[in-house]
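Student: Starting off with a structure, shown below.
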Amino acid sequence: MAGTKVRCMLGAVALLAAMGTSQAQDAEVQFYKGKTVRMIVGFGPGGGYDAYARMISPYLSQELGANVVVENQPGAGSISAMNNLSIAPPDGLQLMLANGTAAGLAQIMGMSGVRYDLAKLTQLGTVSASPWVWLVPVQSPLRSIDDVRKMDRPLNWSSSGPIDGLSDGAQITCEALKLNCKIVMGYKGSSEAALAVARNEMDAIYVSDTSANNYVKAGDLRALVNMARRKSRFFPDLPTVYEAEKLSPEAQWLFDFHGTVEDLGRILIMPANIPPARLAFINAAIARTLKNPTLIAEGERTQRYVDFIGPEETRKAVNSAIGQLTPEQRKRVQDVLTVK
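Residue 119 in numbering that gives the first Met the number 0 is what sits at position 120 of the sequence shown, and the numbering runs on without skipping anything.
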């Protein structure tokens with residue numbers, strides 16, 4: 000008899016909890032109904048982040064029951080948009096599709112104007128993250144890293160500016176492998192920088208494997224090394240730098256650190272302190288959106304690949320890349336990535 004009463008009480012508690020959860024969800028459904036949610040992009044229209052946001056927003060609108068609109072806030076390499084988001088109300092009505100790699104490195108480097116802390120913002124997940132690849136001209140005599148060491152001049156890397164993905168990857172590579180390099184900045188974006196390599200004006204470029212795949216398929220460039228630990232879906236037979244080289248502990252740490260930052264990729268973030276019930280509703284909506292087979296298929300067709308990583312893993316990656324750096328490690332990264 001006593002056991003029956005206990006079971007009944009437990010059942011009642013479970014039922015009340017379920018009713019509470021359902022009521023909380025209903026409240027969030029009502030909150031978002033008819034509302035406008037802004038998806039911020041820290042770059043101008045027409046670029047990769049803008050294209051991703053415009054691809055995702057209709058699907059997220061369906062899941063939230065709100066009108067998700069893309070808002071471009073270009074300026075200072077998206078630092079301005081990050082700053083704005085960090086002081087926005089925690090009401091769940093704006094999120095940002097951010098370049099987590101650039102945002103993280105800008106913070107680590109203490110770049111002028113950075114007023115946000117990526118680790119304190121609300122991490123909603125990662126849309127996609129790619130291994131990065133070292134490319135050379137198709138006609139280049141370079142077939143291995145040892146060939147680079149035999150050069151009688153610096154290896155010229157093409158980039159647009161400091162902490163642009165291209166230059167910081169090249170700087171990490173040259174420092175870790177003790178190569179004689181020159182980082183040439185000033186190209187207007189990665190497409191122009193890649194064109195300079197294809198024309199043999201530059202020797203090398205460091206890009207995501209999705210971009211590398213496009214350049215290689217077009218016959219413009221050739222892949223030399225995969226710079227990540229994990230294999231690329233586009234270049235499964237390409238050796239990683241960990242396979243191609245006997246790396247020192249220092250070199251491994253530099254590549255692992257940069258790989259962690261690269262894995263931040265295209266992240267979705269909100270201001271800090273979103274109410275728990277609302278955040279749970281948003282997280283569920285984003286997970287359904289980015290696991291939607293129709294969206295994933297659209298991404299495959301347009302080469303805007305979706306490979307969703309959840310908020311917990313994203314938060315761990317942010318903390319690993321930024322929040323857990325010792326002062327000595329931060330200084331080491333700053334020394335390597337400071338433009339000489």
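We treat Cβ as the ideally placed atom computed from N, Cα and C, and that holds for glycine.
Rounding to the nearest angstrom, what Cα-Cα distance links A16 and Q22 in this structure?
Tutor: If you number the sequence shown from 1, residue 16 lands on position 17. If you number the sequence shown from 1, residue 22 lands on position 23. The pLDDT assigned to A16 is 44, lower than 50, so where the model puts this residue is not dependable; a value taken from the coordinates is nonetheless given after this. The alpha-carbon atoms of A16 and Q22 are separated by roughly 10 Å.
Student: By Cβ distance below 7 Å, which residues in the same chain neighbour Y241 in space, the five residues on each side in sequence not counted?
Tutor: Reading the sequence shown from its first residue, position 242 is the one you call residue 241. So the qualifying residues of the chain are R228.
Student: Please state the DSSP three-state secondary structure of L92.
Tutor: As a working mapping, residue 92 is identified with position 93 in the sequence shown. Note: L92 maps to coil in three-state DSSP.
Student: May I have a chain-ordered list of the alpha helix (DSSP H) segments no shorter than 4 residues that lie completely inside the region 36-113?
Tutor: Segments of the alpha helix (DSSP H) lying fully in the region 36-113: 47-63, 78-85, 99-107.
Student: Taking only the alpha-carbon atoms, compute the straight-line gap between V155 and D262 and give it to the nearest angstrom.
Tutor: Position 156 of the sequence shown holds residue 155. Position 263 of the sequence shown holds residue 262. Sequence inspection shows Asn at residue 155; the Val mentioned does not correspond to that position. About 26 Å.
Student: Please report the Cβ distance between L267 and L120, rounded to the nearest whole angstrom; I am assuming they are in contact, meaning their Cβ atoms lie under 8 Å.
Tutor: Counting from one through the sequence shown, the residue named residue 267 turns up at place 268. Counting from one through the sequence shown, the residue named residue 120 turns up at place 121. About 10 Å; that fails the 8 Å criterion.
Student: Under 8 Å, with one C-beta from each stretch per pair, do the region 187-196 and the region 140-149 reach the 3-pair mark?
Tutor: Result no; under three Cβ-Cβ pairs closer than 8 Å.
Student: Secondary structure at S189, three-state DSSP: helix, strand or coil?
Tutor: Residue 189 sits at position 190 when you count from the first residue of the sequence shown. Residue state, collapsed to three classes: helix.
Student: Which same chain residues end up closer than 6 Å to A75 when comparing Cβ atoms and leaving out the 5 residues on each side of it in sequence?
Tutor: Here the question's residue 75 lines up with position 76 in the sequence shown. Contacts found: G112.
Student: For a test of the three-state rule: what should DSSP assign to Q251, helix, strand or coil?
Tutor: Translated into positions along the sequence shown, residue 251 becomes position 252. If DSSP states are grouped into helix, strand and coil, Q251 belongs with the helices.
Student: Please give me, in chain order, every unbroken run of the beta strand (DSSP E) with length at least 3 that falls completely inside the region 132-205.
Tutor: For the region 132-205, whole beta strand (DSSP E) runs of length 3 or above, ordered along the chain, are 154-157, 180-183.
Student: Going by DSSP, what residues sit across from M269 in a beta bridge?
Tutor: Residue numbering aside, residue 269 sits at position 270 when the sequence shown is read from its first letter. For M269, which the question treats as bridged, DSSP gives the partners T121.
Student: Here's the rule: buried if 16 or more other CB atoms are within 10 angstroms of the residue's CB, otherwise exposed. What is S60?
Tutor: As a first step, residue 60 must be located in the sequence shown, where it is residue number 61. Buried, since its Cβ has 16 or more Cβ neighbours within 10 Å.
Student: Taking buried to mean at least 16 other C-beta atoms within 10 Å of its own C-beta, is P270 buried or exposed?
Tutor: Here the question's residue 270 lines up with position 271 in the sequence shown. By the neighbour-count rule (16 or more Cβ atoms within 10 Å), P270 is buried.
Student: Counting only C-beta atoms, is A227 closer than 8 Å to chain C at any point?
Tutor: Chain labels in this structure do not include chain C; a single protein chain is all it has.
Student: Please state the DSSP three-state secondary structure of A16.
Tutor: Here residue 16 corresponds to residue number 17 of the sequence shown, with the count starting at 1. With a pLDDT of 44 at A16, under the threshold of 50, the modelled position of this residue cannot be trusted; read the value that follows with caution. Here A16 sits in helix by DSSP.
Student: Y115 and S79: beta carbons closer than 8 Å?
Tutor: What you label residue 115 is simply residue 116 of the sequence shown in a count that begins at 1. What you label residue 79 is simply residue 80 of the sequence shown in a count that begins at 1. No.
Student: Which term fits G188, buried or exposed, when burial requires 16 or more other beta carbons within 10 angstroms of its beta carbon?
Tutor: The residue labelled residue 188 in the question sits at position 189 within the sequence shown. Label assigned to G188: exposed.
Student: Measure the alpha-carbon distance for E297 versus T288 and round it to whole angstroms.
Tutor: Counting from 1 along the sequence shown, the entry for residue 297 is found at position 298. Counting from 1 along the sequence shown, the entry for residue 288 is found at position 289. Using only the alpha carbons, I get a separation of about 12 Å.
Student: Any idea what DSSP makes of A11, helix, strand or coil?
Tutor: For the purposes of this step, residue 11 is identified with residue 12 of the sequence shown, where counting begins at 1. Unreliable placement is indicated for A11, whose pLDDT of 49 sits below 50; no coordinate value is reported for it.
Student: At what residues does the alpha helix (DSSP H) containing L294 begin and finish?
Tutor: As a working note, residue 294 is residue 295 in the sequence shown. Per DSSP, L294 belongs to the alpha helix (DSSP H) from 292-301.
Student: Which stretch, first to last residue, makes up the alpha helix (DSSP H) that contains R221?
Tutor: As a working mapping, residue 221 is identified with position 222 in the sequence shown. Where R221 is concerned, there is no enclosing alpha helix (DSSP H), although the beta strand (DSSP E) it sits in stretches over 220-225.
Student: I'd like the list of long-range same chain contacts for A97, defined as Cβ closer than 7 Å, with 5 residues on each side in sequence excluded.
Tutor: Residue 97 sits at position 98 when you count from the first residue of the sequence shown. Closer than 7 Å at the Cβ level, and outside the excluded window around A97, lie G41, S77, M81, I266, I268.
Student: Select from Q328, H257, D236 the residue whose C-alpha is nearest the C-alpha of A101.
Tutor: Counting from one through the sequence shown, the residue named residue 101 turns up at place 102. A101 has its Cα closest to that of H257, out of Q328, H257, D236.
Student: Just confirm the distance between the C-beta atoms of G322 and A118, as a whole number of angstroms; I'd bet it's less than 8 Å.
Tutor: In the sequence shown, counting from the first residue as 1, residue 322 sits at position 323. In the sequence shown, counting from the first residue as 1, residue 118 sits at position 119. That pair is a contact at about 4 Å.
Student: Note down the Cα distance separating Q170 from I107, rounded to an integer number of angstroms.
Tutor: Locating residue 170 in the sequence shown gives position 171, counting from the first residue. Locating residue 107 in the sequence shown gives position 108, counting from the first residue. Going by the C-alpha atoms only, they are around 15 Å apart.
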